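Structure first, commentary second.
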Amino acid sequence: MGEAVIALIGNPNVGKTTIFNALTGLKQHVGNWPGVTVEKKEGEFEYLGGKFHVIDLPGVYALTAYSLDEKIARDFIVREKPDLVVDIIDASNLQRNLYLTLQLLEIGANVLVVLNKMDLAEEKGIKIDPKELERALGVPVVPMVASKGKGIEELKKAITESLGRKPKPLRYPNFEPYIERLVRVIRLDKRLSEEYNPRWLAIKLLEGDKDVKGVIEGSSERDEIMRGLIDIKKDLQRKYEDLELALADERYALITQTAERAIVAREERMTFSEMLDEVFTHKYLGIPIFIGIMWATFKFTFDVSAPFSDIINWFFGWLGDALGSHIANDALASLLRDGIIAGLGSVLVFLPPIAFLFLAFSWLEDSGYMARAAFVMDRVMHRFGLHGKSVIPMIMGFGCNVPAIMATRTLEDEKDRILTILVNPLMSCPARLPIYSVFAGAFFTGKEGAVITSMYLLGIGLALVIAWLFRKVIFKGEPSYFIMELPPYNRPNWRGILGAAWARTEKFLRKAGTVIFAGVVIVWLLSVTGPSGYLGSEALENGELLAKSWVAALGHALQPLFSPMGWDWKAAVALFFGFIAKEIVVGTLGVLYGVGEEETAVSHAIAASGAFTPETAYAFMAFSLIYVPCVAALAAIKGEAGWKWTLFALVYELILAYLVALAIVGIGGALA
Amino acid sequence: MTPLSFLNEGTRARITRVTGGRSVLAKLMAIGLVPGSELKVIRNQMAGPLIVAVGDTQLALGRGLAMKILVEVE
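Top line first, the protein sequences correspond to chains A and B.
Each residue of the first sequence is one higher than the last, beginning at 1 in the UniProt record's numbering.
Each residue of the second sequence is one higher than the last, beginning at 1 in the UniProt record's numbering.
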């Protein structure tokens, strides 16, 4: 026998990832489910000579296949028929988690139940007897406290023992005769009853499940089955007004019975969670606390990461010079120093702030606060046509729009999701910060802080207004219903937090890294060459020489577009390269003004050049904020929403940026 | 029968009816809110979403959704 295939499933926040990591250790890999961009995690472990292949299914509350995650999980269990499905249940929340368990049993999967968070249940005053639950459900139950590593060995043992078990069918007393009647008809198609569990097909047909109806459509006995279904439904309708509701009632009756049997004692306690919620979700305190926490998060991020960024900056500068001075060939030395090493440096310098920001966000998520943030902000978001859950990806946008756009997956409704994706690039990421500080330093001495803050606020304001507008014009209707579980507050599980933070940072590195790196190399290439051929590496420091390069040619071609705003060809070039990544804008200006990449030097050079006035500089900052996100963010939009919306985002942002910049210059001119 | 959204904090109630489409119903069902289930209003600030406790679960519900859930106060 080869490897046994084990599927892990459970509601969100039950500790599934912790258990997956504990089982598979370092032997895991991440990919995507075929055809969709939803993450697929797989891993392996060995136990007593047996080999086990573990698939981590998406966290779901049910298997109704209403969302992509549910569809993936259900299809996998129904079609791939894993040898064992390990269903992880939050013991502190037994009743609610049993809904999924019941659905797994309906499918006829070989289920093993893990009763996780036993410590939390006890804290809440709930005492559960795993043996009773085992008897009530008819499947093995393993109690665990995964966050403390308790029960992992027992789980491995139980997994080995459960392989090859024949699950006992789940019975719904009031519906049994009807289910059996339908099963008899379904069995007419041999192939169908081998591929699927006929009882499951029958239950789903009674519920009116669309996907299962589709399965029946493909059957050779289609007509017979459909006739049987109509017949049985007619009989049932005499008993029940709404069949779907009646079945839900039946399920919940069974769940209540099961939970009552398993919970042997309980006392009412005001939990720590409830006390915290008194404060965090308070009518008046909620929003100030939220803003305070966000401020602290950013303060932490930038303060802690700054020295790391400085070290990286210094190191790559040193490395470039050291390597460059050892190579005689000018072109090769320059490619290494100014192209490749400077390119790597400009990517890696963003690594510390992004890694620390994701660390802070992962901690806030793991602790349970993020769900409260969505709750508190729903009122504000709703007013602008956004969903409460949109707030998390929008705040993450301040760290990097790439993972922020990916984080919109928590939104189930397609309209809400696309709307959130479309406005996300307006949240100012750290790559735009150098542009602001260079221009604010040059033209708004003494008011830099206020000017830079105004850029962030402009971004937020525009995002809300645009969301409101798009909701009115394109995505007509209300945002989808806000419904989410508020998980109890958790003590941090550092392993999980570090894992999540690293996964996001790695995504940034892989997606953004390659693009930004390639961008810097292209800028270098276009700067040191021109219509007359190779210009020499001095072109990067010598403005006169650079005026003969391809870059200059490009700038002159683009300049007419920007003349209404009063920007010269150098600004046009910088903006053009900013399309690759905003990090390149300041570097490009530095090169064009012949002063290198150092921010204060660039700032002085721009102030002295006379190419900008305070109004046109402010317009330039605003334009940099709004126009096209970087290529990596566009790639993320394409991955999440498709080509059509990527193009749409590109076009609307260019237009918006142009209009806003024009307005700033116009109003500024009128006031002056 | 009153919509859930009108209940004061601390009130216990039982769901009697859910109005609204099939997908709304399915969502509520999966999360444990069906006719017959008992709940307690934890937070209702008469604007924005509510928090209700169903069994051991705390759920945040948008005000619009809470309008569609009809309850009987106990």
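Just so it is clear, CB atoms sit at the ideal spot from N, CA and C, and this is done for glycine as well.
On a predicted model such as this, the values are computed, not experimentally measured, just so you know.
- Between the C-alpha atoms of T410 of chain A and L100 of chain A there is a straight-line separation of about 19 Å.
- Across the structure, I42 of chain B and G449 of chain A are spaced so that their CA atoms are roughly 41 Å apart.
- Residues of the region 105-138 of chain A that bring their beta carbon within less than 9 Å of a beta carbon in chain B comprise A121, K124 and I126, in sequence order.
- If you look at H387 of chain A, you'll find it isn't in any beta strand (DSSP E); DSSP assigns it neither H nor E.
- Any Cβ of chain B closer than 8 Å to the Cβ of R471 of chain A would place that residue at the interface, and such an atom is absent.
- Looking at the DSSP output, Q28 of chain A shares a beta bridge with A:G43.
- By the Cβ-count criterion, T18 of chain A is buried, with 16 or more other Cβ atoms from all chains shown falling within 10 Å of its own Cβ.
- V139 of chain A sits in coil when the DSSP states are folded into three classes, being neither helix nor strand.
- About 5 Å separates the beta carbons of R261 of chain A and E132 of chain A, which is inside the 8 Å limit, making them a contact pair.
- Taken through DSSP and simplified to helix, strand or coil, L163 of chain A comes out as coil.
- Going by DSSP, D56 of chain A is part of no alpha helix (DSSP H) but of the beta strand (DSSP E) stretching over G50 to D56.
- A404 of chain A is not a Cβ neighbour of G388 of chain A, given a cutoff of 8 Å.
- Within the same chain, A91, P143 and V145 come within 6 Å of M118 of chain A by CB-CB distance, once the 5 residues on both sides are set aside.
- DSSP, read as helix, strand or coil, puts E221 of chain A in coil.
- Judged by beta-carbon spacing, G48 of chain B lies beyond the 8 Å limit of D366 of chain A, meaning their Cβ atoms are not closer than that value.
- Interface with chain A (8 Å Cβ-Cβ cutoff): L4 of chain B is excluded.
- Just measuring C-alpha positions, the residue of A:N97, A:F52, A:L94 and A:A109 sitting nearest F76 of chain A is A:A109.
- Within the region 373-388 of chain A, contact with chain B at the beta-carbon level (separation under 7 Å) is assigned to F375, D378, R379 and G388.
- With a cut-off of 8 Å on Cβ pairs, the region 114-128 of chain A is not in contact with the region 510-530 of chain A, counting fewer than three such pairs.
- Classified as buried, W567 of chain A has 16 or more neighbouring CB atoms from the shown chains inside 10 Å of its CB.
- Residues of the same chain with a CB within less than 6 Å of the CB of A431 of chain A, apart from the 5 flanking positions on each side, are K582 and E583 in chain order.
- Of A:T529, A:W569, A:N542 and A:E544, the smallest CA-CA separation from W550 of chain A is found for A:T529.
- Here the alpha carbon of I497 of chain A sits roughly 49 Å from the alpha carbon of S563 of chain A.
- Distance from A4 of chain A to F52 of chain A at the Cβ level is roughly 5 Å; contact confirmed, criterion being Cβ atoms closer than 8 Å.
- Look at G499 of chain A here: in three-state DSSP terms it is helix.
- Taken in chain order, the complete beta strand (DSSP E) segments of 3 residues or longer contained in the region 45-123 of chain A are 50-56, 84-90 and 111-116.
- The beta carbon of V264 of chain A lies closer than 6 Å to those of K127 and D129 in the same chain, with the five residues before and after it left out.
- For E72 of chain B, the enclosing beta strand (DSSP E) has its first and last residue at I69 to V73.
- Counting only runs of 4+ residues, the alpha helix (DSSP H) found wholly inside the region 483-552 of chain A occupies 494-528 and 543-546, in chain order.
- Contacts with chain B at 8 Å (Cβ-Cβ) include M484 of chain A.
- If you ignore the 5 residues before and after V347 of chain A, its C-beta comes within less than 6 Å of the C-beta of G513, I516 and F517, all in its own chain and listed in chain order.
- Pairing A53 of chain B with A62 of chain A gives a Cβ-Cβ distance that is not under 8 Å.
- Here the alpha carbon of V85 of chain A sits roughly 58 Å from the alpha carbon of G324 of chain A.
- If you check the CB distance, I107 of chain A and W33 of chain A do not come in under 8 Å.
- At least 8 Å separates the CB of N13 of chain A from every CB of chain B.
- No Cβ of chain B is located within less than 8 Å of the beta carbon of N174 of chain A.
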